[in-house]
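Step one of this worksheet: look at the structure below.
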Amino acid sequence: MRIGGQAVIEGVMMKSDSSMAIGMRDGKDIKIIGKRLKPFSSRHRWARLPLVRGIVNLIEMLILGFRALNISASLASGEEKISGWSMFLTMAVSLVLAVLLFKFIPLSVAQLAVGSSKSSWTFALIDGLVKIAIFFLYVYFIRRFKDIRRVFEYHGAEHKTVHAFEAEQPLTVDSVKKFSTLHARCGTSFIALVLILSIVVYAFIPMETTLLTKLMLRLLFIPLIAGISYEIIRLEHRFRGNRIFYAVLWPGMLFQHLTTSEPDKKQLQVAIAALKRVKKMG
54 MRIGGQAVIE GVMMKSDSSM AIGMRDGKDI KIIGKRLKPF SSRHRWARLP LVRGIVNLIE
114 MLILGFRALN ISASLASGEE KISGWSMFLT MAVSLVLAVL LFKFIPLSVA QLAVGSSKSS
174 WTFALIDGLV KIAIFFLYVY FIRRFKDIRR VFEYHGAEHK TVHAFEAEQP LTVDSVKKFS
234 TLHARCGTSF IALVLILSIV VYAFIPMETT LLTKLMLRLL FIPLIAGISY EIIRLEHRFR
294 GNRIFYAVLW PGMLFQHLTT SEPDKKQLQV AIAALKRVKK MG
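Just add 53 to wherever you are in the sequence shown, counting from 1, and you've got my numbering.
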């Protein structure tokens, strides 16, 4: 069974290919919400093809992640869940901001920095370094908020619990807390890999094209870059312990020092409870 997950507001979401469980701390008690999943890839053979499956998985995880955050936010606040339209608008605004921050701004900076230079590699390198700097500064900034630090602690709890499960160790607090808060298959590692691979791929875009054309081509290449990154991350289990392979994932592991923190006992209990529910559901 392949287990993944993410931190949510005051809790952890764990998922397998067929089920999902959200665990949340409610005072002394732990609330667990379990749901069966029917992944798109399980219903369509073409969606399981290499490269394609990465895009399908990414879209499904984004949707599932928003739903999990919505559920956790409603449970934490005691208010009703966000409507479908509100969630759609939230995702749309997030997408526009992502394009602005990680596409348009880095592209504009590279255009100004390179000037009349004809080196597409220099252009792509500056573009990529600006994106990495924006990502680093964004995460560093939001870490300053107490609520976000709590989410990052639950993120660490999720990783520790998944590590214990994969090592076939007991799912107890004493056992789980010994493991690292860093995990090679984390979404942070995926983002870092996408940012680095984009430098190589975008270097093949001709310098003669206009700024708008460069932007559109970059958007068109996103599925390819995401698909390749997913396939690399997917190999982690096969090459576990291989130093050369982990050198490729090293930048993402560094970024995880920002996106994860050491959890406390109660946070570990939540992550363990969520994973146990997923195991039980199969």
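For glycine and all other residues, C-beta sits at the position ideal for the given N, C-alpha and C.
In the three-state scheme derived from DSSP, where H, G and I count as helix and E and B as strand, residue 230 is classed as coil.
Where residue 79 is concerned, the enclosing beta strand (DSSP E) starts and stops at 72 to 79. Rounded to the nearest angstrom, the Cβ distance from residue 217 to residue 205 is 19 Å, too far for a contact under 8 Å. Look at residue 86 here: in three-state DSSP terms it is strand. Sequence-distant partners of residue 314 (beyond 5 residues in either direction) whose C-beta falls short of 6 Å from its own C-beta, in its chain, are 205, 206, 209. In the DSSP assignment, residue 57 forms a beta bridge with 68. A straight line joining the alpha-carbon of residue 123 with that of residue 115 spans about 12 Å.
Taking all protein chains in view, the Cβ of residue 294 is surrounded by fewer than 16 other Cβ atoms within 10 Å, so the residue is classified as exposed.
Taking 7 Å as the cut-off, the beta carbon of residue 90 is found no closer than this to the beta carbon of residue 77. Judged by DSSP in its simplified three-state form, residue 222 adopts coil rather than helix or strand. Two segments are said to touch when three or more pairs of C-beta atoms, one from each, lie closer than 8 Å; by this definition the region 159 to 178 touches the region 249 to 268.
For residue 65, the closest C-alpha among the options 118, 101, 108, 93 is that of 118.
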